[in-house]
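Structure first, commentary second.
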Amino acid sequence: MGIDYGGGRTRALMVYLPDEPGLSTRLYLWRGPGRDFDERDRLVLTLLRPHLIAAYRSAERRRRAPSALTPRQLELLQYVAQGYTNTQIARRMELSEGTVRTHLNHIYERLGVTSRTAAVTTMSTAGLE
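In the UniProt record's numbering, the protein residues as written are 1 to 129.
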């Protein structure tokens, strides 16, 4: 977590935040002139890490969701959130079931999810209900 610049001095700390599979984001904290980071600083950062990860993930979901979906996709996703089946959605939106499946696959791709539940959860988290 600490970056040692020789002589045991720690002027920077780095925190890894999990990102998409196979990727990670790094948060660097630099300290200017004055005292170095110490064990207490590291402990505080260790305790904060789960909260930083949660905040980062929440921000990423909000960043992706609102601008990622068309009005028609949002309408379809709202029916999914209400528990409608593909057949019921197709009837209400005057589409074929195949078109509903295609729309759902595009929604999953845009939101970076793989299921109806995850799509609805992302929509709820982003405040798009």
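Here a beta-carbon is modelled for each residue, glycine too, at the ideal position from N, C-alpha and C. Since the model is a prediction, treat every value here as computed from it, not as a measurement.
With L29 as the anchor, note down where its beta strand (DSSP E) starts and where it stops. For this step, residue 29 is matched to residue 29 along the sequence shown. Its beta strand (DSSP E) spans residues S24 to W30.
To which residues does DSSP link V15 through a beta bridge? The residue you call residue 15 lines up with position 15 of the sequence shown. In the DSSP output, where bridge partners are listed per residue, V15 has L27.
In three-state terms, what does DSSP make of T70? Within the sequence shown, numbered from 1, the residue matching residue 70 stands at position 70. Correct three-state label for T70: coil.
Coarse secondary structure for T114, derived from DSSP in three states: Taking the first residue of the sequence shown as position 1, residue 114 is located at position 114. T114: coil per DSSP, three-state reduction.
Could you check whether P21 and I53 sit closer than 8 Å to each other, using their CB atoms as the reference points? Taking the first residue of the sequence shown as position 1, residue 53 is located at position 53. Taking the first residue of the sequence shown as position 1, residue 21 is located at position 21. No, Cβ-Cβ distance for I53 and P21 is not below 8 Å.
Limits of the alpha helix (DSSP H) - the one that Q88 falls within: Position 88 of the sequence shown, counting from 1, holds the residue named residue 88. Element bounds for Q88: N86 to M93.
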